[in-house]
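S.K.:
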Amino acid sequence: MATIALNVTYQGQPKKFTVNKSQTISQFISQCLTSYNIDGNTFSAELYHNNNHKALDSASPIRLTNLLNNAKLTLKVKKLDLNKEINVKFISDKGTVVKKFTVATTLHDIVEQIMGRLSKPTQLRILDLVIGYEKYLTTTLGSLVGNANNVVIRLEYQKSTNERDALFKKQQEANRLQLQEMQKRKEMEAQKRHQEEQEKQRLKAEEAKLKKVNKNVSEVSEPQEDAEMKDADEEIPSTATESLSDPSTSDVGAHPGLEPASESAASDSDYVYQEEPVDETPKLYVPSSKPQPTYQNPDEDYNMTIDQAKTYQNVIRNSAKRSKKIGVDTKKPSKYFIRVKFPDGAILQINFLENVHQVKFGTLVKKLDELLIPEFINTYNLKIGYPPFTKLNQSFAMNNELLHNLQDFQAEQVVLIWELSKESNKAAHNGPFLNNESKDLVIKPSDELPAIKLAKHRNELPSNESTKSKGASGGGFFKSKSMHKDGGDEDKDGEKKKSKLPKWLKMKK
255 MATIALNVTY
265 QGQPKKFTVN
275 KSQTISQFIS
285 QCLTSYNIDG
295 NTFSAELYHN
305 NNHKALDSAS
315 PIRLTNLLNN
325 AKLTLKVKKL
335 DLNKEINVKF
345 ISDKGTVVKK
355 FTVATTLHDI
365 VEQIMGRLSK
375 PTQLRILDLV
385 IGYEKYLTTT
395 LGSLVGNANN
405 VVIRLEYQKS
415 TNERDALFKK
425 QQEANRLQLQ
435 EMQKRKEMEA
445 QKRHQEEQEK
455 QRLKAEEAKL
465 KKVNKNVSEV
475 SEPQEDAEMK
485 DADEEIPSTA
495 TESLSDPSTS
505 DVGAHPGLEP
515 ASESAASDSD
525 YVYQEEPVDE
535 TPKLYVPSSK
545 PQPTYQNPDE
555 DYNMTIDQAK
565 TYQNVIRNSA
575 KRSKKIGVDT
585 KKPSKYFIRV
595 KFPDGAILQI
605 NFLENVHQVK
615 FGTLVKKLDE
625 LLIPEFINTY
635 NLKIGYPPFT
645 KLNQSFAMNN
655 ELLHNLQDFQ
665 AEQVVLIWEL
675 SKESNKAAHN
685 GPFLNNESKD
695 LVIKPSDELP
705 AIKLAKHRNE
715 LPSNESTKSK
725 GASGGGFFKS
735 KSMHKDGGDE
745 DKDGEKKKSK
755 LPKWLKMKK
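Here you go:
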C-alpha cells in the first residue's frame with residue numbers, strides 16, 4: 255500500500271487523514287495545521303503516538319516509522335519562534351552553499367540570496383517534497399521543516415519532455431559504452447592468455463629437443479653393447495607405443511611434441527569455472543542483445559533399457575511416499591544472496607554477508623530504493639520469484655521484521671520479482687528502472703551470470719571418472735546387465751556398487 259490512514263486528535267477534535275507513506279512527519283504536520291485552520295507561519299506542532307512523551311521525528315518519512323494503519327496520534331501546537339535559525343545546505347548546479355536562515359524566511363528569499371534572480375523555471379526538492387517556483391513566495395522554511403535544526407534543499411531546473419528523452423538516451427549510450435569497454439577488456443585478456451599458452455607450448459618443444467640432444471650424447475659416450483643384447487633389442491617391438499604410454503622415457507625425443515600436444519589438448523578441452531569474489535556491492539546484469547547458445551545433450555544420454563525405465567519409475571513412486579520430518583529445527587541462513595528481476599530483463603544482485611541476523615526487511619527495501627530512479631520509488635510491488643509468486647506485504651510492520659523470521663527468506667538464495675503497482679501507468683515505462691550512473695552499482699552484461707557462464711561452456715567441462723569409464727565401454731550413462739545362460743547375474747558385487755540410475759538423476763538420501 256502506498257498510502258496510510260492516520261487518526262489525529264487536536265484539543266479533543268479527531269480527524270482522519272489519508273497520506274502517502276513517502277511524506278515526512280513534517281509535511282504531515284503542515285497538512286494537519288492547514289486542516290485545523292492553524293497558521294503554519296506562526297505556529298509549529300509536534301505529533302505524539304500512544305501518549306508517548308517523545309515526539310515523532312519530523313524529518314523521518316512515514317514509511318520508516320512504526321506507525322500502523324489507523325494509528326492514533328495527538329497533535330500539540332506551540333507558538334513558532336520566528337527568530338530560530340536553521341542550517342540550510344543549498345545544492346545547485348553552481349555548487350553547495352551552507353547558510354543559516356530563520357524559520358520565517360520564504361523560499362523565494364532563500365533562492366534570491368543564494369542564486370540571485372533566475373530566468374528559467376525551477377523547483378526545490380526538500381526530502382521527498384517537490385515545490386514549484388510559483389509557491390516560493392507563499393511557503394516559509396518553518397512550515398516545511400518545523401522544529402528541525404538542519405535541512406538540505408536541492409535546486410533543479412524543470413525539464414521538458416524532449417530533455418527527459420535526451421537524458422534517457424544519454425543513459426542508454428553510457429550503458430552501451432561501458433559494455434563495449436568490458437568486451438574489449440575481455441578480448442584483450444583472452445588474447446593475452448592465448449599468447450601465454452603459445453609460449454608454454456614453445457618452451458615444452460624446446461625442452462623436448464634438449465632432451466633428445468642429451469640422449470644422443472649419452473648414447474655416443476656409452477660403451478658398445480654385446481651382440482646378444484643387440485639381438486634382444488631387435489626382437490623387442492617398436493617403442494612407439496611405449497613413448498605414447500610413458501612420456502618420461504627417452505623415446506620421447508624420437509617423437510618430439512607428441513606427448514606435450516596431447517596434454518595441451520586435454521587442458522584446452524577442460525573448462526575451469528572460477529567463482530567471482532563475493533561482496534556486498536550491488537551488481538546489475540543488463541540484458542545482452544546477442545543470442546545465447548544452448549547446450550544439446552549427446553544422444554547417448556538418452557539410452558535406456560526397459561529395466562532401467564522400471565527402476566526410474568519405482569524411484570519416482572517411492573519418493574512420493576516419503577514422510578516429512580516434523581519438529582526438526584532448520585538452520586537459519588548465515589548470509590543472503592538476493593536476486594531481483596525487473597520487467598526490462600535486468601537482474602539486480604544484492605548480498606548481505608555480515609550480521610545477517612540483524613537485517614530487517616526495511617533494510618532491503620531501503621537499499622533497493624537507493625538504486626531506483628526517484629520516479630519509481632514507492633510505486634512498485636515485490637513478489638517471490640517461485641510459484642505461486644506470493645506478493646510481499648510492504649508495510650511498517652513488515653519493515654521492522656527480521657529476514658530470519660520471514661517464511662520466504664529461510665534460504666540463502668532468494669529470487670524476487672519487481673513490478674510496477676496498479677496505480678502507476680505500466681505501459682508508459684519500459685525501463686530502465688535503476689539509476690545506472692550510481693557509483694555504488696557495478697554493471698555487467700547478462701552473459702556474466704554464473705548460470706549462463708556454465709551453460710555456455712557446458713560441453714567444455716571436465717568429465718568425472720565414472721563418465722569416462724562408461725563412455726569408454728560404449729554404454730553411455732546406462733550399462734545393461736549381462737546374464738549367464740542359467741539366468742543368473744554375471745557380477746552381483748559389481749551390480750551393488752554401480753548405480754542403475756543415470757548420471758543426471760541424483761536422489762537425496
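Take 255 as the starting number for the sequence shown in our numbering and just add one per residue.
Glycine included, every Cβ here is placed at the ideal spot set by N, Cα and C.
Quick test of your reading: Asn429 and Val540, contact by CB under 8 Å. State the CB separation rounded to the nearest angstrom.
M.R.: 6 Å
S.K.: Counting only C-beta atoms, is Lys589 closer than 8 Å to chain D at any point?
M.R.: In the structure shown, chain D does not exist; there is a single protein chain.
S.K.: Does Phe344 come out as helix, strand or coil in the three-state DSSP assignment?
M.R.: strand
S.K.: Within 10 angstroms of the Cβ of Asn551, are there 16 or more other Cβ atoms? Answer buried if so, exposed if not.
M.R.: With fewer than 16 other Cβ atoms within 10 Å, it is exposed.
S.K.: If contact is defined by three or more beta carbon pairs under 8 Å, each pair taking one atom from either stretch, is the stretch 633-651 in contact with the stretch 317-330?
M.R.: yes
S.K.: So, helix, strand or coil for Gln377, using DSSP?
M.R.: Three-state DSSP puts Gln377 in a strand.
S.K.: According to DSSP, simplified to helix, strand and coil, what is Ala299?
M.R.: strand
S.K.: What do you get for Asn468, buried or exposed, if any count of 16 or more other CB atoms within 10 angstroms of its CB means buried?
M.R.: exposed
S.K.: Mark Ala779 as exposed unless 16 or more other C-beta atoms lie within 10 angstroms of its C-beta, in which case mark it buried.
M.R.: With the chain running from 255 to 763 in the structure shown, residue 779 is simply not present.
S.K.: Cα separation between Lys575 and Val569?
M.R.: 10 Å
S.K.: Ignoring anything shorter than 3 residues, give me the beta strand (DSSP E) runs that lie fully in the stretch 400-445, in order along the chain.
M.R.: The stretch 400-445 contains these whole beta strand (DSSP E) runs: 404-411.
S.K.: Could you tell me whether the stretch 370-384 touches the stretch 332-343, using the rule of 3 or more Cβ pairs below 8 Å?
M.R.: As far as the Cβ criterion goes, the stretch 370-384 does not touch the stretch 332-343, which means the pair count is below three.
S.K.: Helix, strand or coil: which one does DSSP assign to Ala709?
M.R.: helix
S.K.: How should Asn404 be labelled, buried or exposed, when 16 other C-beta atoms within 10 angstroms of its C-beta is the threshold for buried?
M.R.: exposed
S.K.: Using the rule of at least 16 other Cβ atoms within 10 Å of the residue's Cβ for burial, across every protein chain shown, is Asn400 buried or exposed?
M.R.: Residue identity check: residue 400 is Gly in the sequence provided, not Asn. Looking at its Cβ environment, which holds 16 or more other Cβ atoms inside 10 Å, Gly400 is buried.
S.K.: Count the other CB atoms, across all protein chains shown, that sit within 10 Å of the CB of Ala600; report buried if there are 16 or more and exposed otherwise.
M.R.: Buried, since its Cβ has 16 or more Cβ neighbours within 10 Å.
S.K.: Below 8 Å on the Cβ atoms is my contact criterion, and I expect Thr272 with Ala259 to pass it. Report the Cβ-Cβ distance as a whole number of Å.
M.R.: 5 Å
S.K.: Is it buried or exposed for Gln281, if we count other Cβ within 10 angstroms and need 16 for buried?
M.R.: Buried.
S.K.: How should Leu334 be labelled, buried or exposed, when 16 other C-beta atoms within 10 angstroms of its C-beta is the threshold for buried?
M.R.: With 16 or more other Cβ atoms inside 10 Å of its own Cβ, Leu334 counts as buried.
S.K.: Residues in its own chain within less than 8 Å of His611 by CB, not counting five upstream and five downstream?
M.R.: Lys586, Leu656, His658
S.K.: Give the DSSP bridge partners of Asn605, in chain order.
M.R.: Residue pairing from DSSP places Asn605 in a beta bridge opposite Phe591.
S.K.: Below 8 Å on the Cβ atoms is my guess for Ser312 versus Ile283; work out the distance and round it to an integer in Å.
M.R.: 7 Å
S.K.: Could you tell me which of Ser276, Tyr264, Val262 sits nearest to Phe630, measuring between CA atoms?
M.R.: Ser276
S.K.: Alpha carbon to alpha carbon, how far is Val357 from Glu366? Give it in angstroms, no decimals.
M.R.: 16 Å
S.K.: Tell me which same chain residues have a C-beta within less than 8 Å of the C-beta of Asp293, skipping the five on either side of it?
M.R.: Within the same chain, Asp293 has close Cβ partners Leu287.
S.K.: So, with DSSP's three-state summary, where would you put Glu655?
M.R.: coil
S.K.: Could you say which of Asn306, Asp598, Glu460, Gln449 lies nearest to Ser543 if we only look at CA atoms?
M.R.: Ser543 has its Cα closest to that of Asp598, out of Asn306, Asp598, Glu460, Gln449.
S.K.: Identify the continuous beta strand (DSSP E) that holds Gln667 and give its terminal residues.
M.R.: 667-674
S.K.: Taking the Cβ atom as the reference point for each residue, do Leu688 and Ile604 lie within a distance shorter than 8 Å?
M.R.: No, they are not a contact pair.
S.K.: Is it the case that the Cβ atoms of Pro536 and Leu695 are separated by a distance below 8 Å?
M.R.: Yes, the pair counts as a contact, with Cβ atoms nearer than the cut-off.
S.K.: Just to confirm before moving on: does the CB-CB distance between Ile592 and Leu670 stay below 8 Å?
M.R.: Judged by their CB atoms, Ile592 and Leu670 are nearer to each other than the 8 Å cut-off.
S.K.: Just the C-alpha distance for Leu381 and Gln664, rounded to the nearest angstrom, thanks.
M.R.: 35 Å
S.K.: Can you look up Ala508 in the DSSP assignment and give me helix, strand or coil?
M.R.: Its pLDDT being 38, under 50, Ala508 is placed unreliably in this model, and the value from its coordinates should be taken loosely. DSSP places Ala508 in helix when its eight states are reduced to three.
S.K.: Determine, using beta carbons only, whether Glu534 and Phe606 come nearer to each other than 8 Å.
M.R.: yes
S.K.: Determine the direct distance from the alpha carbon of Gly370 to that of Thr350, and round the result to whole angstroms.
M.R.: Between Thr350 and Gly370, the C-alpha separation is close to 15 Å.
S.K.: Which of the three DSSP states is assigned to Ile292 in this structure?
M.R.: coil
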